[in-house]
Amino acid sequence: RIQHEKQPKQQAKPGHCWSEQIPARIRGTKNGHGGRGQAARRRPLVAVVRASYEAGVGVMATKVGMMTYFDPATGKPVPVTVVGFREGGNVVTQVKTAATDGYDAVQVGYHGVREEKLTRPELGHLGKAGAPPLRHLQEFRLQSVDGYDPGQPLDFADMFKEGDLVDISGKSIGKGFQGGIKRHNFKRGLMTHGSKSHRALGSIGAGTTPGRVYKGKKMPGRMGGTKTKIRKLKIVKIDNDLKVVMIKGAVPGKPGNLLRIAPAKIVGKNIPKN
1 RIQHEKQPKQ QAKPGHCWSE QIPARIRGTK NGHGGRGQAA RRRPLVAVVR
51 ASYEAGVGVM ATKVGMMTYF DPATGKPVPV TVVGFREGGN VVTQVKTAAT
101 DGYDAVQVGY HGVREEKLTR PELGHLGKAG APPLRHLQEF RLQSVDGYDP
151 GQPLDFADMF KEGDLVDISG KSIGKGFQGG IKRHNFKRGL MTHGSKSHRA
201 LGSIGAGTTP GRVYKGKKMP GRMGGTKTKI RKLKIVKIDN DLKVVMIKGA
251 VPGKPGNLLR IAPAKIVGKN IPKN
């Protein structure tokens, strides 16, 4: 047998080793010989938290229904949603500041009710602000809360005007358990030619690899009944006599549902870019 002598390892010259040219904070290890996974584990993580602000204080309202509104200027029909306000209106119930609560926000109450409908803590909270008994409370996080005081009533006509864009949130109509065609707009299969999968999903993944169904896979399940936001809806008309507002398009939920109306977020106009 021929025995091979061990050759001494050649030492890398200074300046020729990649680990010496790349800073340690980028390599992730002190000597630069750690693997990619090891470097990723040792590299510190930096979390960037950005607060979500509203473009302004909004109000709560109740969905009345939909109708067709004819524009007086053009005579064209416009599908609108009629939104009304229950007795009691909207009242500022609390003003939060960064000094006391850690952030700036305005809490608004809506829908006046009898005192028997609320608990003592709720009555105490509203009474402290000088507000009547209100059923619903919503919070609008702002960059500045100047000009708002507890007990201050909010009038929709003073806060918005016709032509403004608003973001409306509400609970969508529940549809129950639905299949993939109705829930995710899947195409159905062949109805003839020997097909047995008329409305079935088909394949939902591979076999041994990965050997499971990926999370988030679109499949049959419960549809609707979740919080939904529709952005940049136009205010068509504000009727102060009837105390209703006509908004172009559809809004979440069925008649009688609670809605949250806030000024539309427009980056660069009422919301900073960074």
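Going by the UniProt record's numbering, the first residue of the sequence shown is number 1, and it counts up by one from there.
Glycine included, every Cβ here is placed at the ideal spot set by N, Cα and C.
A quick note: this is a predicted structure, and the numbers were derived from the prediction, not measured.
> If you drop the 5 nearest sequence neighbours on each side, which residues of the same chain put their C-beta closer than 8 Å to that of K161?
Replying inline: Numbered from its first residue, the sequence shown carries residue 161 at position 161. Annotation for K161: I235 and I238 place their beta carbon closer than 8 Å to its own, counting only its chain and skipping 5 residues before and after.
> Can the beta-carbon of K175 be found closer than 7 Å to that of G221?
Replying inline: The residue given as residue 175 occupies position 175 in the sequence shown. The residue given as residue 221 occupies position 221 in the sequence shown. Cβ distance not < 7 Å, so K175 and G221 don't count as in contact.
> Using the C-alpha atoms, what's the distance from S144 back to G256?
Replying inline: As a working note, residue 256 is residue 256 in the sequence shown. As a working note, residue 144 is residue 144 in the sequence shown. Roughly 32 Å between the two C-alpha positions.
>> Taking a contact to mean a Cβ-Cβ separation below 7 Å, would you say V83 touches V213 in this structure?
In response: Numbered from 1 along the sequence shown, position 83 holds the residue referred to as residue 83. Numbered from 1 along the sequence shown, position 213 holds the residue referred to as residue 213. Not closer than 7 Å, so no.
>> Threshold first: 3 residues or longer. Then list the beta strand (DSSP E) segments lying entirely within the stretch 150-204, N to C.
In response: 165-171 and 176-178
> Which whole-angstrom value describes the C-beta separation of K117 and D104, a residue pair presumed to lie in contact below a C-beta threshold of 8 Å?
Replying inline: Here residue 117 is taken as the residue at index 117 of the sequence shown, counted from 1. Here residue 104 is taken as the residue at index 104 of the sequence shown, counted from 1. Not quite, the Cβ-Cβ distance comes to about 30 Å (not below 8 Å), so this is no contact.
> Around the C-beta of L134, are 16 or more other C-beta atoms found within 10 angstroms, so that it is buried, or is it exposed?
Replying inline: The residue labelled residue 134 in the question sits at position 134 within the sequence shown. That one is buried.
> In three-state terms, what does DSSP make of N31?
Replying inline: Here residue 31 corresponds to residue number 31 of the sequence shown, with the count starting at 1. Low per-residue confidence applies at N31: pLDDT is 49, beneath 50, and the placement is therefore not dependable, though the value from the model is reported in the following sentence. DSSP places N31 in coil when its eight states are reduced to three.
> Secondary structure at G112, three-state DSSP: helix, strand or coil?
Replying inline: Here residue 112 refers to the residue found at position 112 when the sequence shown is read from its first residue. The answer is strand: DSSP assigns G112 an E or B state.
>> Short of 6 Å in beta carbon distance, which residues of its chain neighbour V57, apart from the five on each side in sequence? Order them along the chain.
In response: Position 57 of the sequence shown, counting from 1, holds the residue named residue 57. Cβ neighbours of V57 beyond the five flanking positions: V106 and F140.
> Under a three-way DSSP split, which group does T119 fall into?
Replying inline: What you label residue 119 is simply residue 119 of the sequence shown in a count that begins at 1. If DSSP states are grouped into helix, strand and coil, T119 belongs with coil.
> Which residues in the same chain have their Cβ closer than 8 Å to the Cβ of K76, if we skip the five residues on either side of it in sequence?
Replying inline: Within the sequence shown, numbered from 1, the residue matching residue 76 stands at position 76. If we look at K76 and ignore the five residues flanking it on each side, its Cβ neighbours are F70.
>> If distances are taken between C-alpha atoms only, which option among G147, L123, G89 and R114 comes closest to M60?
In response: Taking the sequence shown and counting its residues from 1, the one referred to as residue 60 is at position 60. Checked all of G147, L123, G89 and R114; the closest Cα to M60 is G89.
> Residues in its own chain within less than 7 Å of G179 by CB, not counting five upstream and five downstream?
Replying inline: Start at 1 with the first residue of the sequence shown, and residue 179 comes out as number 179. Result list for G179: R199 and P220, in chain order.
>> Between which residues of its own chain and E20 is the CB-CB distance below 6 Å, once the five residues before and five after are set aside?
In response: Here residue 20 refers to the residue found at position 20 of the sequence shown. Reliability of the predicted coordinates at E20 is poor, the pLDDT of 48 falling under 50, and the value obtained from them is presented with this limitation in mind. Excluding positions up to five away in sequence, the list is empty.
>> Here's a check: name, in chain order, each residue in its chain whose Cβ is nearer than 7 Å to the Cβ of A99, leaving out the five neighbours to either side.
In response: Within the sequence shown, numbered from 1, the residue matching residue 99 stands at position 99. Closer than 7 Å at the Cβ level, and outside the excluded window around A99, lies no residue.
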